[in-house]
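Novice:
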Amino acid sequence: MPTFLNHPNLVQLFGVVLKKRPIMIITEYMPYGSLRDFLPKYAEQLEQHATLVLTDVCVQVASAMAYLEKQQFVHRDLAARNCLVKAASPNCIQVKVADFGMARFLLDNVYEPSAGTKFPVRWAPPEVFQSCYTPKADVWSYGVLMWEVFTWCRTNPYPGKNNSEVYQYIVSGGRLQKPGPCPEKLYKLMLFCWSHSLSNSPSPYLLKDLHDLQERSESSRNIKILLKELSYIELCYDEKFKTLIEKHLIKSSQIEKTASSALLNIPFEHSAWNKDNSFLNENTCIELLETNFDRSKIDLVICLGGDGTLLYTSAMFQETHPPVAAFYMGSLGFLTPFQFQDFDKTLITMFSGSYPCVTRMRLRCQIIRTNDQQDENDVVPKTLDLCTVFGQQMKLPECSREQINPQNGNCAFHTLNEVVISRGMSAHLCDLVLTVNGKEVTHVQGDGLIISTPTGSTAYSMSAGASMLHPSVAAVMITPINPHSLSFRSIALPVESTIEISLSATARGKSAHVTCDGMAGGYNIITSSDIVRITHSPYPVPCLCSEDQVADWFSGLAQCLNWNARNVQASVNINRFSVKK
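Note that my numbering numbers the sequence shown so that position 214 is 669, with each residue one more than the last.
1. Excluding the five sequence neighbours on either side, which residues of its own chain have a C-beta within less than 6 Å of the C-beta of R491, listed in chain order?
2. For S751 and L460, I'd like the C-alpha separation in whole angstroms.
3. Count the other C-beta atoms from every protein chain shown that fall within 10 angstroms of the C-beta of D797, then say buried if there are 16 or more, exposed otherwise.
4. Quick check: the Cα distance between G470 and P949, rounded to an integer number of angstroms?
5. Span of the alpha helix (DSSP H) holding S918?
6. If you draw a straight line from the alpha carbon of V594 to that of D749, how long is it in whole angstroms?
7. If you follow the alpha helix (DSSP H) that S518 is part of, which residue opens it and which one closes it?
8. Specify the secondary structure class of I980 as computed by DSSP and reduced to three states.
9. What span of residues does the alpha helix (DSSP H) with A498 cover, start to end?
10. Using only alpha-carbon positions, find the residue among Y692, P486, F605, D886 that is nearest to A929.
11. DSSP three-state call for V471: helix, strand or coil?
12. Buried or exposed for N617, please, with buried defined as at least 16 other CB atoms from any protein chain shown within 10 angstroms of its CB.
13. In this structure, how does DSSP classify K551 when only helix, strand and coil are distinguished?
14. Rounded to whole angstroms, what's the CA-CA distance from A521 to W578? Just pull it up for me.
15. With DSSP run on the structure shown, which of helix, strand or coil describes R536?
16. CB F584 to CB Y622, shorter than 9 Å?
17. Less than 9 Å separating the beta-carbons of M784 and T775?
18. Just to confirm my understanding: we take S912, look at its own chain, exclude 5 residues before and 5 after, and list those with CB closer than 8 Å. What are they?
19. Looking at the structure shown, is C608 part of a helix, part of a strand, or coil, going by DSSP?
20. Identify, in the order they occur along the chain, each residue of the same chain with its Cβ nearer than 6 Å to the Cβ of L787, setting aside the five sequence neighbours on each side.
21. Is DSSP giving A781 helix, strand or coil here?
22. Per DSSP, what kind of secondary structure is L396 in: helix, strand or coil?
23. Assign V965 to one of three DSSP states: helix, strand, or coil.
24. Please name the residue, chosen from L494, P636, T908, K474, that lies closest to H869 on a Cα-to-Cα basis.
25. Mind checking if Y487 is an interface residue toward chain C, Cβ cutoff 9 Å exclusive?
26. Tell me P997's beta-bridge partners as DSSP assigns them.
27. Bridge partners for L904 per DSSP, in chain order?
28. For G846, which three-state DSSP category applies?
29. Who does V756 pair with in a DSSP beta bridge?
30. C820 bridges to which residues according to DSSP?
31. Let me know the secondary structure DSSP gives T953 once reduced to three states.
32. Quick one: is T610 buried, meaning 16 or more other Cβ sit within 10 Å of its Cβ, or exposed?
33. Are the CB atoms of L904 and S957 nearer to each other than 9 Å?
34. Tell me the start and end of each unbroken alpha helix (DSSP H) in the stretch 607-642 that is at least 4 residues and wholly inside, in chain order.
35. My output table needs one value for F574: the three-state DSSP class, helix, strand or coil.
36. Is the beta carbon of P612 closer than 9 Å to that of L631?
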């Protein structure tokens, strides 16, 4: 797309490299690839919310295409192969439209030559065969795209027919059959897109009808709000929340003295929800958060607090993390872009439209223990738990060398900010061996090491003198803590790097402390025979932005960290130096 086109559902083009062949383009990073490859691969994980997720994909593409039409652009090749996936969770996919001609090389059998050029036969209306291309032709292609989406892109349109047969079938009035899981109303929208006369085709892209269908899908779902007990107490001070909570929360029995129980058959109270009741039904309820809640059924996390609250939330979801909407109520708020006083307007916009999303990478941390028995005279314990989470003591998972398996999620802790290996309360220097991708690169003598994500680069790592990275940068920062060297500076490594840290055999201090995100729940002690292995986590944290991922980040730098704050230098007043006559 041209660089001056700006829409949250259009892939951003940054530039073109013309110096040598082949010509290369520079675009924003889309980690999940094309929609055509993504949907069949993750269909099983998405099936629980299929109608809602797939309809939302159609809404996002429709929004982008309506914008292109308004800018008087014709796409000419709208299809699932040219829609890329930016972020994904079990109940939400962020899709962006792109087309830089790549599909013509990858799927050449899809395109048919006509008057010296090629066009996608199965996505084209009859008029295109006579070289008549208008924005209305994109509407036809959009209908085929919807068909692709609701078939999970498992097959090309018009299966069993070659391109010539497809043309004859379309001209004779034939249309694609309704996909199995597709709602009847949405299939009618597809048929509207495939109207015989382009002048009758709907524009701009059925957005109103699609939004109505999306709301119906949402209103058919049960909405359960889980509150931490402390959050429940705090929110009861707000009159708006107090009325709502009293209507929908049933407290636990005083006899059982449990935090809460499953809430069933709670009557729906129209007055409590006011105009937002279109999204709710009789099974909507609020309950207090328990230790053993089913994390796979959480669709959205609303975080009320500061940065520490968001880090706590990240620790709760050690695998797939649902999208997070973070509202500022804490002391800093660098990671919380939404203002709590505007929560009602923000949530209405959030559920009726779409917010930009930044995908924050996490680190996967393992402590590898040897089978050596701990010395009886060793007064340093292997683990030291200083706090509890959900009433349970937590520590970093441990495993032996034989148990190391990248696919074993039980053997690792996924951390959002950083992993810190430090000397703790020892009076000795922390003497560490740093290994990257199996190669020993240096010894570290000082107070310790910080291994941070781009998100964590504005936390402890920044305080130790490292540079700040935008959260979308795919890198890992290694920062020394008070190194006993004038030349040891922080470095950034590729995100695919495998980092291992161990105590030097000649270290005077025989132990080091390992902490994840500054929480004692991830507080462990390693000795000379142990290794801390850090790799890229496959489970990022999708965080909603109030503006976009660039504007939010610079706003946080300026407002929370006073980045580049100074008095503006006054301009030169030449009149001060003029000679009076």
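Just so it is clear, CB atoms sit at the ideal spot from N, CA and C, and this is done for glycine as well.
All figures in this text were calculated on a predicted structure; none of them were measured in a lab.
Specialist: So, from the data block:
1. Position 36 of the sequence shown holds residue 491. These residues qualify, in order along the chain: A535, R536, C608.
2. As a working mapping, residue 751 is identified with position 296 in the sequence shown. As a working mapping, residue 460 is identified with position 5 in the sequence shown. Taking the straight line from one Cα to the other gives about 37 Å.
3. Indexing the sequence shown from 1 puts residue 797 at position 342. By the 10 Å Cβ count, D797 comes out exposed.
4. Mapped onto the sequence shown, residue 470 falls at position 15. Mapped onto the sequence shown, residue 949 falls at position 494. Looking at the two C-alpha atoms, the distance is approximately 23 Å.
5. Indexing the sequence shown from 1 puts residue 918 at position 463. Its alpha helix (DSSP H) spans residues 915-918.
6. Counted from its first residue, the sequence shown places residue 594 at position 139. Counted from its first residue, the sequence shown places residue 749 at position 294. Cα to Cα, V594 sits roughly 41 Å from D749.
7. In the sequence shown, residue 518 corresponds to position 63, counting from 1. Taken as a continuous stretch (DSSP letters only), the alpha helix (DSSP H) holding S518 covers 505-525.
8. Numbered from 1 along the sequence shown, position 525 holds the residue referred to as residue 980. Three-state result, I980: strand.
9. Here residue 498 corresponds to residue number 43 of the sequence shown, with the count starting at 1. A498 -> alpha helix (DSSP H) spans 490-501.
10. Here residue 929 corresponds to residue number 474 of the sequence shown, with the count starting at 1. Ranking Y692, P486, F605, D886 by Cα distance to A929 puts P486 first.
11. Taking the first residue of the sequence shown as position 1, residue 471 is located at position 16. In this structure, V471 counts as strand in the three-state DSSP scheme.
12. In the sequence shown, counting from the first residue as 1, residue 617 sits at position 162. Flag for N617 reads exposed.
13. Against the sequence shown, residue 551 aligns to sequence position 96. Of the three classes helix, strand and coil, the one that applies to K551 here is strand, per DSSP.
14. By one-based count along the sequence shown, residue 521 stands at place 66. By one-based count along the sequence shown, residue 578 stands at place 123. Computed Cα separation, rounded: 18 Å.
15. If you number the sequence shown from 1, residue 536 lands on position 81. Of the three classes helix, strand and coil, the one that applies to R536 here is helix, per DSSP.
16. Taking the first residue of the sequence shown as position 1, residue 584 is located at position 129. Taking the first residue of the sequence shown as position 1, residue 622 is located at position 167. Contact: yes.
17. Counted from its first residue, the sequence shown places residue 784 at position 329. Counted from its first residue, the sequence shown places residue 775 at position 320. Contact: no.
18. Within the sequence shown, residue 912 is the residue found at index 457, counting from 1. For S912, where only same-chain residues beyond five positions count, the Cβ hits under 8 Å are A921, S922, M923, L924, M932.
19. Against the sequence shown, residue 608 aligns to sequence position 153. Coil.
20. Counted from its first residue, the sequence shown places residue 787 at position 332. G761, D762, C1015.
21. On the sequence shown, position 326 is the one that residue 781 refers to. It is a strand residue.
22. With the chain covering 456 to 1036 only, the question about residue 396 has no answer from this structure.
23. Mapped onto the sequence shown, residue 965 falls at position 510. The sequence as given places Lys at residue 965; Val does not occur at that position. Looking at K965 - three-state DSSP - the assignment turns out to be coil, as it is neither helix nor strand.
24. Indexing the sequence shown from 1 puts residue 869 at position 414. Considering only alpha carbons, the answer is T908.
25. This model lacks chain C altogether; it includes just one protein chain.
26. Within the sequence shown, residue 997 is the residue found at index 542, counting from 1. In DSSP, P997 forms a bridge with T814.
27. Position 449 of the sequence shown, counted from the first residue, corresponds to residue 904. Answer is I876, P935.
28. Position 391 of the sequence shown holds residue 846. At G846 the pLDDT is 36, less than 50, meaning the model places this residue with poor confidence and gives no usable figure here.
29. Counted from its first residue, the sequence shown places residue 756 at position 301. DSSP, once it has assigned bridges, lists V779 as partnering V756.
30. For the purposes of this step, residue 820 is identified with residue 365 of the sequence shown, where counting begins at 1. The partner list for C820 (beta bridge, DSSP) reads F868, I989.
31. For the purposes of this step, residue 953 is taken as the residue at position 498 of the sequence shown. T953: coil per DSSP, three-state reduction.
32. The count along the sequence shown starts at 1 and reaches residue 610 at position 155. Classification of T610: exposed, given that the 10 Å Cβ count is below 16.
33. Walking along the sequence shown from the start, residue 904 turns up at place 449. Walking along the sequence shown from the start, residue 957 turns up at place 502. Contact: no.
34. 618-626
35. Taking the sequence shown and counting its residues from 1, the one referred to as residue 574 is at position 119. Three-state result, F574: strand.
36. The count along the sequence shown starts at 1 and reaches residue 631 at position 176. The count along the sequence shown starts at 1 and reaches residue 612 at position 157. Closer than 9 Å, so yes.
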